[in-house]
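Below is one structure, written out as structure tokens, with a few remarks after it.
There are 2 protein chains.
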Amino acid sequence: MQEQEYEQIFSRFLAKKGLRLTLPRKQILDAVFSLHSHFDAEQLFDVLRIRNAEVSLATVYRTLPLLLESGLIQHSMRQESRDVYEHIFGHPRHLHWICRQCGSVSETSLDDIMPYLERSAREQHFELEDFSLNLMGLCWRCKNENRNQ
Amino acid sequence: MQEQEYEQIFSRFLAKKGLRLTLPRKQILDAVFSLHSHFDAEQLFDVLRIRNAEVSLATVYRTLPLLLESGLIQHSMRQESRDVYEHIFGHPRHLHWICRQCGSVSETSLDDIMPYLERSAREQHFELEDFSLNLMGLCWRCKNENRNQ
DNA sequence: GAATAAATGAGATTCATTCTCAACAAGGAC
DNA sequence: GTCCTTGTTGAGAATGAATCTCATTTATTC
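Heads up: the sequence lines are chains B and Z, in that order.
The opening position of the first sequence corresponds to residue 1 in our numbering, with each subsequent residue numbered one higher.
The opening position of the second sequence corresponds to residue 1001 in our numbering, with each subsequent residue numbered one higher.
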């Protein structure tokens, strides 16, 4: 399965930094990849408890930056004053359309604008590592709802 | 001067909501437009004190959402766990290139990708109100510095 | 099997932001 | 004018996500 792959990636990443893939880290990693949508630290912590993994919230918070740096997850947005992440292993990067009314998040491809961003980065000699492209407004659902009131 | 213009805009916006352009709000508005770069709530508060405006931090925090909603400022990024804003009256919208090492922020035009975003919004019947397009990495300065070490 | 370095949980701490509340204005109705 | 409603403010308390501390445990090396 794919499981081995992300584990290998993380394990190698950690080794390169002189760190180890411990049980808590493995459990956090698995929890992250068991989710197929956005999550924040607290939600991830809940998933871990449901899976009977004895990992503290502190360790969750400590592991997130490592996962970010390894490239396995990305910081995808900030919602309700919480940092929201998603795993991006296998996924292509995408834009987020965030409804300010119902909070729903939908995604679209970045293909059309990626070449432009890359060219722009090259022109400035900027080394692009990460980015967040979030678009806020009203989804069609909420737009219609508001109209009918 | 331009001063009247943003004041009028804000005043009208407030009136539409049954609110008034009070002295503290006027002072905050002027402080915002006296700045020509990004700022957070605390920095804005400092500017107000320097200008001898007796405005509390609470009022600064209360006024920022109003300025946002009026379209006079935008939430441009989050840096060091603080929300960073900038006024956008007269300015065209832009992308932010944020260096993770030195914290510098540079801007480039959105012209090339805006049509795509608008088309994509139309296709989904999404009413676009606001967006943040932030690109993180290393600026050329820090990239060179790292190389020379 | 020391010695060194990394990891962890639990709880305390930080700090940006929001909330509460009492006091104060402004404007309309009469 | 006076009453009444509604908006506004400052000061400080409260919130809560994220980080830090520290004592303890675990792994690795020599």
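Quick reminder that beta carbons are idealized off the backbone N, C-alpha and C, glycines included.
Please read these numbers as outputs of a predicted model, since none were measured by experiment.
Closer than 9 Å, CB to CB, is Asp-1112/Z near chain B or not? Chain B, which has a Cβ nearer than 9 Å to the Cβ of Asp-1112/Z, makes this yes.
Counting only runs that start and end within the stretch 1034-1084 of chain Z, where is the beta strand (DSSP E) found for 3 or more residues in a row? 1073-1079, all fully within the stretch 1034-1084 of chain Z.
Along the chain, where does the beta strand (DSSP E) that runs through Ser-106/B open and close? It spans 105-109 - the beta strand (DSSP E) in which Ser-106/B sits, taken as one unbroken run.
Sequence-distant residues of the same chain with beta carbon closer than 8 Å to Thr-1108/Z, five excluded per side: Result list for Thr-1108/Z: His-1094, Leu-1095, Trp-1097, in chain order.
Using the Cα positions of Arg-1051/Z and Phe-45/B, report the straight-line distance between them to the nearest angstrom. One C-alpha to the other measures close to 46 Å.
So what's Asp-1112/Z in DSSP terms, helix, strand or just coil? Coil, per DSSP.
At least 3 beta-carbon pairs within less than 8 Å: the stretch 1130-1149 of chain Z vs the stretch 126-139 of chain B: Two segments are said to touch when three or more pairs of C-beta atoms, one from each, lie closer than 8 Å; by this definition the stretch 1130-1149 of chain Z touches the stretch 126-139 of chain B.
With distance defined between alpha-carbon atoms, name the residue in Leu-66/B, Arg-12/B, Glu-5/B, Ala-15/B nearest to Ile-28/B. Comparing Cα positions, the closest option is Leu-66/B.
For the stretch 122-137 of chain B, which residues have a beta carbon sitting closer than 8 Å to at least one beta carbon of chain Z? Correct list: Gln-124, His-125, Phe-126, Glu-127, Leu-128, Glu-129, Asp-130, Phe-131, Ser-132, Leu-133, Asn-134, Leu-135, Met-136, Gly-137.
Give the range of the beta strand (DSSP E) segment to which Cys-1102/Z is assigned. Per DSSP, Cys-1102/Z is not a residue of any beta strand (DSSP E), being assigned neither H nor E.
Please work out which residues of its chain come closer than 8 Å, Cβ to Cβ, to Met-1/B, disregarding the five sequence neighbours upstream and downstream, and give them in chain order. Confidence at Met-1/B is low in this model, with a pLDDT of 48, below 50, so the placement of that residue is unreliable and no value is reported for it.
Is the Cβ-Cβ distance between Leu-138/B and Glu-1118/Z less than 9 Å? No. Outside cutoff.
Looking at the structure shown, is Asn-134/B part of a helix, part of a strand, or coil, going by DSSP? Residue state, collapsed to three classes: strand.
Strictly below 9 Å CB to CB, what residues from chain B border Lys-1143/Z? Under the 9 Å cutoff, chain B gives His-125, Phe-126, Glu-127.
Give the residues of chain B in contact with Cys-1139/Z, contact being defined as C-beta atoms less than 9 Å apart. Within chain B, the residues near Cys-1139/Z are Gln-124, His-125, Phe-126, Glu-127.
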